[in-house]
Amino acid sequence: MDDWASKIRQGDARALARAATGIENRDPQALETLRELAPGCGHARIVGITGPPGAGKSTLVDALAVALRRQGKTIAILAVDPTSRITGGAILGDRIRMQQHHADPGIFIRSMATRGSSGGLARATADLARLMDAAGKDFVIIETVGVGQDEIEIAGLAQITVVVLVPGMGDDVQAIKAGIMEIADVFAINKADQPGADRVERELQAMLSLANGRRPAIVRTVATQGTGIDALLEAVAAADLPAHRLEPAREPAHIGIDHLGIAVESLAKAVSFYESLGMTVAHRETVATEKVNVAMLPAGESRIELLEPSAPDSPVGKFLEKRGAGLHHVALRVPDLAAAVGRLRAAGARLLNEPRQGAGGHLYVFVHPASTGGVLLELIQESGR
Ligand SMILES: Nc1nc2c(ncn2[C@@H]2O[C@H](COP(=O)(O)OP(=O)(O)OP(=O)(O)O)[C@@H](O)[C@H]2O)c(=O)[nH]1
Ligand SMILES: [Mg+2]
2 MDDWASKIRQ
12 GDARALARAA
22 TGIENRDPQA
32 LETLRELAPG
42 CGHARIVGIT
52 GPPGAGKSTL
62 VDALAVALRR
72 QGKTIAILAV
82 DPTSRITGGA
92 ILGDRIRMQQ
102 HHADPGIFIR
112 SMATRGSSGG
122 LARATADLAR
132 LMDAAGKDFV
142 IIETVGVGQD
152 EIEIAGLAQI
162 TVVVLVPGMG
172 DDVQAIKAGI
182 MEIADVFAIN
192 KADQPGADRV
202 ERELQAMLSL
212 ANGRRPAIVR
222 TVATQGTGID
232 ALLEAVAAAD
242 LPAHRLEPAR
252 EPAHIGIDHL
262 GIAVESLAKA
272 VSFYESLGMT
282 VAHRETVATE
292 KVNVAMLPAG
302 ESRIELLEPS
312 APDSPVGKFL
322 EKRGAGLHHV
332 ALRVPDLAAA
342 VGRLRAAGAR
352 LLNEPRQGAG
362 GHLYVFVHPA
372 STGGVLLELI
382 QESGR
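With the numbering used here applied, the sequence shown corresponds to residues 2 to 386, in that order.
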């Protein structure tokens, strides 16, 4: 056993591959070896590459591996597929990849997929990453298909997460926003050789301007041609600041103005005014339950939210009748809504609802103007990691 660990430390590729398989199978002896190796961890940079199916993640990882090998770095690639898609695309891609790097002992590659529960997959991936770290790899690159919670969990292992987007995603950029956007340290707009890269980048910029202070880099790549790979590596290196790593949670610690809600008679007219100021609409939606059409325009760290009634009996419609167009509410972002609500209740504030979950996954509560100095107040907690 001891022997096994020391072989791995000395770079024995066969021993490493055997340990990796043992860890995937939760073999007690392999797990014991990992425990022995644990003190040697902490050297590797662990980079997550995630994004929708077919975005070019594997191609990108290959290109990164080639560039890193040229710098003399050693690499482990862990390709994780929690969705276990039966198309075989991933497996095929990875087989081609294995052939390409077959003769290179500086690259270790392992593909993993599972059906059903993936909590175990996340754990095995974490252990494998640790094993590769202990074995002295300079980089551990974890590729996951990113759309859901499990994938976010796996991406959460990484010190630096690259989210891969592609042209033509359209509303998908919105759709993946909730979870994935929060974990991104770097965005790669891959397939930048295809039309629509400008549009994805614009949408992404608009979305990031709504985010809280974090400014992930955006890099365009053509993975199949190796274009933008050096820039991507630079962005990864730049994102990898010690301070960044020491910060476990990325939730906003301070209260800030999330948005100002303005009730308007005509959304089109109001939007054109703000556009003439140079602002752009980042997001539009109709909230059926509230009978309101909404347009969000980023303004620095905050936003202007324009509200137009979609039916005469909507709350905003009633507001317009009673008070006329104007400031409808102020929304503050708070780090911990439950704590804020507890304090407000203790202080006797008049809450208009129990904390609820909004469409974007955030929690919110409204406070009556009587308690706030005359304006309806919304408190928002962004959805966490
Ligand atoms: N035009 C173009 N095609 C690309 C680019 N990068 C990858 N592709 C192609 O896109 C397809 C999917 O690439 P993969 O690297 O397998 O994508 P993936 O994200 O790993 O896919 P899954 O692991 O199955 O989710 C392949 O046919 C690649 O050749 C690019 O920059 N430009
Ligand atoms: Mg792949």
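All residues carry an ideal CB built from backbone N, CA and C; glycine is no exception.
First and last residue of the uninterrupted alpha helix (DSSP H) at residue i
| i | result |
| --- | --- |
| Gly197 | Careful: Gly197 lies outside any alpha helix (DSSP H) and carries neither H nor E. |
| Arg344 | 338-347 |
| Leu321 | 316-324 |
| Pro370 | 370-373 |
Host beta strand (DSSP E) of residue i (start-end)
| i | result |
| --- | --- |
| Asp63 | Premise fails: Asp63 lies in the alpha helix (DSSP H), 58-71, not in any beta strand (DSSP E). |
| Ser267 | Taken as a continuous stretch (DSSP letters only), Ser267 belongs to no beta strand (DSSP E), as it is neither H nor E. |
| Pro40 | Unbroken run through Pro40: none, as it is neither H nor E. |
| Gln382 | 377-382 |
| Asn354 | Unbroken run through Asn354: none, as it is neither H nor E. |
| Thr145 | 140-146 |
| Ala114 | 108-114 |
| Val220 | 218-221 |
Per-residue DSSP class, three states only, for residue i
| i | result |
| --- | --- |
| Ala14 | helix |
| Asp28 | coil |
| Ala82 | First, the residue type needs correcting, since residue 82 is Asp and not Ala in the sequence shown. DSSP places Asp82 in strand when its eight states are reduced to three. |
| Glu202 | helix |
| Ala239 | helix |
| Asp259 | strand |
| Gly23 | helix |
| Arg334 | strand |
| Ser303 | strand |
| His245 | Residue placement at His245 is flagged as unreliable, the pLDDT there being 39, under the threshold of 50; a coordinate-derived value is accordingly withheld. |
| Thr34 | helix |
| Met297 | strand |
Pairwise C-alpha distance: residue j and residue i
| i | j | result |
| --- | --- | --- |
| Val187 | Gly107 | 25 Å |
| Arg304 | Leu211 | 7 Å |
| Val146 | Ile161 | 16 Å |
| Ile50 | Leu129 | 16 Å |
| Val288 | Leu328 | 19 Å |
| Ala355 | Asp199 | With the sequence shown as reference, residue 355 is identified as Glu, and Ala is not the correct amino acid for it. For Glu355 and Asp199, the distance between alpha carbons rounds to 42 Å. |
| Leu166 | Ala236 | 16 Å |
| Pro253 | Arg19 | At Pro253 the pLDDT is 41, less than 50, meaning the model places this residue with poor confidence and gives no usable figure here. |
| Ala136 | Arg124 | 18 Å |
| Leu278 | Pro299 | 12 Å |
| Glu322 | Ser267 | 14 Å |
| Val67 | Phe367 | 53 Å |
| Ile76 | Gly12 | 12 Å |
| Thr228 | Ala189 | 11 Å |
| Val163 | Cys42 | 22 Å |
| Arg203 | Leu234 | 22 Å |
| Gly362 | Leu158 | 22 Å |
| Gly284 | Ala296 | A small fix is needed here, since residue 284 is His in this sequence, not Gly. C-alpha separation (whole angstroms): 6 Å. |
| Gly197 | Asn191 | 11 Å |
| Lys319 | Phe140 | 59 Å |
| Met280 | Ala341 | 32 Å |
Proximity test, residue i beta-carbon vs ligand 2 heavy atom, cut-off 8 Å
| i | result |
| --- | --- |
| Ala224 | no |
| Lys58 | yes |
| Ala80 | yes |
Residue i versus the options, residue with shortest Cα-Cα distance
| i | options | result |
| --- | --- | --- |
| Gln382 | Ile76, Gln358, Ala371 | Gln358 |
| Gly301 | Asp105, His260, Leu364 | His260 |
| Ser112 | Val62, Arg221, Glu291, Ala269 | Val62 |
| His44 | Arg10, Met208, Val331, Phe367 | Arg10 |
| Ala193 | Gly349, Ala271, Arg221, Glu183 | Arg221 |
| Tyr275 | Asp314, Gly343, Ala312, Leu307 | Leu307 |
| Ala240 | Arg216, Ala125, Ala16 | Arg216 |
| Pro313 | Val265, Ala350, Gly349 | Val265 |
| Ala326 | Ala332, Val317, Arg334 | Val317 |
| Ala350 | His284, Leu377, Glu33, Leu79 | Leu377 |
| Leu338 | Pro196, Pro370, Glu379 | Glu379 |
| Val81 | Ala371, Leu205, Ala127 | Ala127 |
| Pro53 | Gly257, Pro168, Val223, Ser372 | Pro168 |
| Pro40 | Leu132, Ile47, Lys74, Glu309 | Leu132 |
| Ala347 | Pro336, Val331, Leu364, Ser372 | Ser372 |
| Leu32 | Met208, Ile47, Trp5 | Trp5 |
Check: residue i C-beta below 8 Å from any heavy atom of ligand 1
| i | result |
| --- | --- |
| Val146 | yes |
| Leu166 | no |
| Lys319 | no |
| Pro196 | no |
| Ala347 | no |
| Gly55 | yes |
| Asn191 | yes |
| Gly359 | no |
| Leu132 | no |
| Leu298 | no |
| Leu61 | yes |
| Gly169 | no |
Residue i beta carbon near ligand 4 (any heavy atom closer than 8 Å)
| i | result |
| --- | --- |
| Leu234 | In terms of ligand content, the structure shown lacks ligand 4 and carries ligand 1 and ligand 2 instead. |
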